[in-house]
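Undergrad: Structure provided below as structure tokens; questions to follow.
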Amino acid sequence: MFHAPPQPPENEEAIREQRTASTYASEATTGRDLRLDLFRGIALWLIFLDHIPSNLVAWITIRNYGFSDATEIFVFVSGYTAAFVYGKEMRERGFLIAGAHILRRAWQIYVAHVFLFAIYLAEITYVATRFENPLYAEEMNILDFLKQPDVTIVQALLLKFKPANMDVLPLYIILLLLFPPTLWLLRLRPTLALAASMTLYVLTWHFNWNLPSYPSGHWFFNPFAWQLLFVFGAWCALGGAERLGAVLRSRITLALAVAYLVFAFLISLTWYLPVAGDYVPHWLEEVIYPIDKVNLDVLRFAHFLALAVVTVHFVPRDWPLLKSRWLWAPITCGQHSLEIFCIGVFLSFAAHFAMTEVSGALWMQFLASALGILIMIAAAWLLTWYKRAEGRSPGSRPKKTPDADLAGGEA
Amino acid sequence: MNGAIASLLATFALCGTALASEGQGCDIPGYLLFGTSELKRVPVAVRENHRLRIAVVGTGSSALTGPDGPSSAYPARLEARLSERLPGVNVRVIPLVRTRQTAEDLAKGMSKLLADEKPDLVIWQTGTIDAIRRIEPDDFRAALENGIETLEKGGADVILMNMQYSPRTDIMLSLGPYADSMRVAAQQHEVPLFDRLSIMRHWSDTGAFDLYATDKDNVLAQRVHDCIGRGIAAMIMDAAHLRETEHKTGQ
Numbered sequence: 301m302f303h304a305p306p307q308p309p310e311n312e313e314a315i316r317e318q319r320t321a322s323t324y325a326s327e328a329t330t331g332r333d334l335r336l337d338l339f340r341g342i343a344l345w346l347i348f349l350d351h352i353p354s355n356l357v358a359w360i361t362i363r364n365y366g367f368s369d370a371t372e373i374f375v376f377v378s379g380y381t382a383a384f385v386y387g388k389e390m391r392e393r394g395f396l397i398a399g400a401h402i403l404r405r406a407w408q409i410y411v412a413h414v415f416l417f418a419i420y421l422a423e424i425t426y427v428a429t430r431f432e433n434p435l436y437a438e439e440m441n442i443l444d445f446l447k448q449p450d451v452t453i454v455q456a457l458l459l460k461f462k463p464a465n466m467d468v469l470p471l472y473i474i475l476l477l478l479f480p481p482t483l484w485l486l487r488l489r490p491t492l493a494l495a496a497s498m499t500l501y502v503l504t505w506h507f508n509w510n511l512p513s514y515p516s517g518h519w520f521f522n523p524f525a526w527q528l529l530f531v532f533g534a535w536c537a538l539g540g541a542e543r544l545g546a547v548l549r550s551r552i553t554l555a556l557a558v559a560y561l562v563f564a565f566l567i568s569l570t571w572y573l574p575v576a577g578d579y580v581p582h583w584l585e586e587v588i589y590p591i592d593k594v595n596l597d598v599l600r601f602a603h604f605l606a607l608a609v610v611t612v613h614f615v616p617r618d619w620p621l622l623k624s625r626w627l628w629a630p631i632t633c634g635q636h637s638l639e640i641f642c643i644g645v646f647l648s649f650a651a652h653f654a655m656t657e658v659s660g661a662l663w664m665q666f667l668a669s670a671l672g673i674l675i676m677i678a679a680a681w682l683l684t685w686y687k688r689a690e691g692r693s694p695g696s697r698p699k700k701t702p703d704a705d706l707a708g709g710e711a
Numbered sequence: 045m046n047g048a049i050a051s052l053l054a055t056f057a058l059c060g061t062a063l064a065s066e067g068q069g070c071d072i073p074g075y076l077l078f079g080t081s082e083l084k085r086v087p088v089a090v091r092e093n094h095r096l097r098i099a100v101v102g103t104g105s106s107a108l109t110g111p112d113g114p115s116s117a118y119p120a121r122l123e124a125r126l127s128e129r130l131p132g133v134n135v136r137v138i139p140l141v142r143t144r145q146t147a148e149d150l151a152k153g154m155s156k157l158l159a160d161e162k163p164d165l166v167i168w169q170t171g172t173i174d175a176i177r178r179i180e181p182d183d184f185r186a187a188l189e190n191g192i193e194t195l196e197k198g199g200a201d202v203i204l205m206n207m208q209y210s211p212r213t214d215i216m217l218s219l220g221p222y223a224d225s226m227r228v229a230a231q232q233h234e235v236p237l238f239d240r241l242s243i244m245r246h247w248s249d250t251g252a253f254d255l256y257a258t259d260k261d262n263v264l265a266q267r268v269h270d271c272i273g274r275g276i277a278a279m280i281m282d283a284a285h286l287r288e289t290e291h292k293t294g295q
């Protein structure tokens, strides 16, 4: 994200003209699409920056310039890669084995979530007990939940009590728990599966379905609504992108997407410049607000689609920079998404800790942001190294189990 | 990447100096304070009755503890500042602090408040308790609209005030949805929003206050409340067109 928007290569026009239907057709069937790793890696960085509280660097993240944010990218790409990897396995080894692997993945994510919760508790209790500023007497009520650790910790294990910024992994767990039958249907009748997903989304909006939270309220990422993006990603991976090829290539789609992105940007300006809000007519405000993140507002979904259309147009699958060393870092991060996501959450706690205990000044915000991303890159590099070492060692298992982190399956 | 970071740093540094040069202490940039929503009852009360009654309805962050708490919390500072700026007008600010109440709880008390206090203007501070208890944002917004409508029907002007910026606890509190709800409710009912969250954030970013401080004494809290009182006074003067403010910097 510190990169300027990537410059198109000089022969971009030529590449675009050469691009034919076969480029799109091949997406679902051959090799790995490094763009998925790239954008998931960037999404992980953005989520990290957004999760550091009071971080001015987070001004550069996409949530400030439109309706959707990095969560949409993360969920879509996760759906895409899960379908790609487990779909292949389901074809080769059957429903039972692939389903068992998906559930094991859900378990791994649950363990990771509980691990992060323990670190979170350690961090906030340390910070909070050293803090008695009378200006914030009211805010300290937030620690009331610690007065009942018996209830709170059990509720956390049940995924009902989720501290701020720890909502994504529980969503991911539910999505994976529901994924075996979804994937089965997606492979059998893709259109029917997508229609079922859309129906669930619409019914969720109509009947206000959601899972309960503790102590009150509902899940911040409603799984019944957000499943649409995950299933849509999976549908694209299993040939949907191919079917959409003609629509994606059309100049009209591109123009609509760009127009919508500009509209969203102008609206987002009013969030930070109240004066600009006076130019937005009341009827329009009535229509668009509230932009509901909990239930994946249609405006957010459309914003993500528009971003995807523009991205696919300007970043072709065979974009030379994808193989260059410039994009190596985000791609590597995107290939180890679970680990890097968890490290990102941990680092955001650590950054908050450093900002409260050392200094919250601007230099610390930049230092923590930059250092955090460097650590994420280093960790991703280390994980790649481990994987290679395991893969090459003579005594290793002959067939590796599939890994949904990797867009292309095998590393 | 390093180049990009350096240029970002430079940009932020420039922003910092541009804002700081507007004044010293706790200035508030005009865009955070002045909008187009107008106060209609206040100018009538000031010009015709020479008397202005303001009720501050809120939770714990509208008060300070200690023997000098009541006189140094922002309602009292607002009264002092407005009396200064409106000579000849009898300004009364009545603090009605109800700790640990959600927006819904506070909204329920609005009718009684109108009857008891007959305020020209109600400053409604809320959001923190709702965020702590994780009240459904939709319910929060409905409560805001109920409260605003009750007050408007009763003939009082309204100013909404959102949460404090609290860098030490903001990893534990998700304020975003509640701040958004308040912004939207204010826009739709055309009532001014005193964006305490952004204003205190601005003070923290520009170094006016060290809001990370852990000191147990009231010094920082009193300075912040004084500045909030001044800010609201400036907002009221502007939104009620009471006097053409020459320099729109919140002082």
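Respectively, the protein sequence lines represent chains G and R. 301 is the number of the first residue of the first sequence in this note's numbering; add one for each residue after it. 45 is the number of the first residue of the second sequence in this note's numbering; add one for each residue after it. Here a beta-carbon is modelled for each residue, glycine too, at the ideal position from N, C-alpha and C. The structure presented is a predicted model; accordingly, all values stated were derived computationally and were not measured.
(1) So, at 6 Å on beta carbons, what are the nonlocal neighbours of Met207 (chain R) in its own chain, with the 5 sequence-adjacent residues on each side left out?
(2) Flag Pro620 (chain G) as yes if its beta-carbon sits less than 7 Å from any beta-carbon of chain R, otherwise no.
(3) Helix, strand or coil: which one does DSSP assign to Asn190 (chain R)?
(4) Hey, out of G:Pro630, G:Ala525, G:Asp444, G:Ala629, whose CA is closest to Asn595 (chain G)'s CA?
(5) Where does Ala328 (chain G) sit, in a helix, a strand or coil, going by DSSP?
(6) Spatial neighbours of Ile474 (chain G) within its chain, please: CB distance less than 6 Å, with the 5 preceding and 5 following residues excluded, ordered by chain position.
(7) Can you pull the chain G residues whose beta carbon is under 7 Å from the beta carbon of Gln169 (chain R), in chain order?
(8) Please name the residue or residues paired with Ile138 (chain R) in a DSSP beta bridge.
(9) Using 7 Å as the limit for Cβ to Cβ distance, is Asn262 (chain R) near chain G?
(10) Closest to Tyr410 (chain G) by CA distance: which of G:Tyr589, G:Gly545, G:Leu471, G:Trp583 is it?
(11) Mind the definition here: the segment 653–668 of chain G touches the segment 370–381 of chain G only if three or more C-beta pairs lie below 8 Å; say whether that holds.
(12) Please list the residues of the segment 186–213 of chain R that have a C-beta atom closer than 9 Å to any C-beta atom in chain B, keeping them in chain order.
(13) Note down, one range per segment and in chain order, each beta strand (DSSP E) of at least 3 residues found wholly within the segment 173–218 of chain R.
(14) In three-state DSSP terms, what is Ile276 (chain R)?
(15) Which of the three DSSP states, helix, strand or coil, is assigned to Pro515 (chain G)?
(16) Measure from the C-beta of Glu180 (chain R) to each C-beta in chain G and report whether the shortest distance is under 7 Å.
(17) May I ask you to report which of helix, strand or coil DSSP gives Gln232 (chain R)?
(18) Please state the DSSP three-state secondary structure of Leu237 (chain R).
(19) Just to confirm before moving on: does the CB-CB distance between Ser354 (chain G) and Pro211 (chain R) stay below 7 Å?
(20) Secondary structure at Trp509 (chain G), three-state DSSP: helix, strand or coil?
(21) Starting from Trp168 (chain R) and walking both ways along the beta strand (DSSP E), at which residues does that stretch end?
(22) Since Gly602 (chain G) and Ile640 (chain G) are thought to touch, with beta carbons under 8 Å apart, how far apart are those beta carbons, to the nearest angstrom?
(23) Can you tell which of G:Pro480, G:Thr504, G:His613, G:Tyr589 has the C-alpha that lies nearest to the C-alpha of Thr553 (chain G)?
(24) Taking the runs of the alpha helix (DSSP H) that are 4 residues or longer, which of them lie wholly in the segment 572–617 of chain G?
(25) Could you tell me how far apart the beta carbons of Gly387 (chain G) and Leu538 (chain G) are, in whole angstroms, since I believe they sit closer than 8 Å?
(26) Cβ atoms of Ser155 (chain R) and Phe184 (chain R): under 7 Å apart, would you say?
(27) Can you name the residues of chain G whose CB is closer than 8 Å to the CB of Leu217 (chain R)?
(28) Compile a chain-ordered list of the residues in the segment 488–516 of chain G whose CB is closer than 7 Å to at least one CB of chain R.
(29) Starting from Gly267 (chain G), find everything on chain R with Cβ-Cβ shorter than 8 Å and list it in chain order.
(30) Rounding to the nearest angstrom, what Cα-Cα distance links Leu569 (chain G) and Val385 (chain G) in this structure?
(31) Going by beta carbon distance, what residues of the same chain come within less than 8 Å of Leu96 (chain R), once the five residues before and after it are set aside?
(32) When DSSP labels each residue in this structure, what does Gln408 (chain G) get in the three-state scheme?
(33) Quick one: measure Cβ to Cβ for Leu108 (chain R) and Asn262 (chain R), integer angstroms, because I've assumed they're closer than 8 Å.
(34) Along the segment 413–441 of chain G, where does the CB come closer than 9 Å to a CB of chain R? Name the residues.
TA: Let's see:
(1) Gly171, Thr172, Leu219, Leu241
(2) no
(3) helix
(4) G:Ala525
(5) Caution is warranted here: a pLDDT of 41 is assigned to Ala328 (chain G), below 50, making its placement in the model unreliable, and the coordinate value is therefore given only provisionally. Coil, per DSSP.
(6) Pro523
(7) Under the 7 Å cutoff, chain G gives no residues; its nearest Cβ is about 10 Å from Gln169 (chain R).
(8) R:Ala99
(9) yes
(10) G:Leu471
(11) no
(12) The structure shown contains no chain B; its protein chains are G and R.
(13) 201–205
(14) helix
(15) coil
(16) yes
(17) helix
(18) strand
(19) yes
(20) coil
(21) 165–169
(22) The amino acid occupying residue 602 (chain G) in the given sequence is Ala; Gly does not appear at that position. Going by Cβ atoms, the distance from Ala602 (chain G) to Ile640 (chain G) rounds to 28 Å, so no, they are not a contact pair.
(23) G:His613
(24) 574–577, 582–588, 598–614
(25) 6 Å
(26) no
(27) Glu439, Ile442, Ala464
(28) Ser513, Pro515, Ser516
(29) In the structure as shown, chain G starts at 301 and stops at 711, and residue 267 (chain G) therefore has no counterpart that could be examined.
(30) 40 Å
(31) Val86, Ala89, Val90, Leu126, Leu130, Val133, Asn134, Val135, Arg136, Asp164, Leu165
(32) helix
(33) 6 Å
(34) Tyr420, Glu423, Ile424, Val427, Ala428, Arg430, Phe431, Glu432, Asn433, Pro434, Leu435, Tyr436, Ala437, Glu438, Glu439, Met440, Asn441
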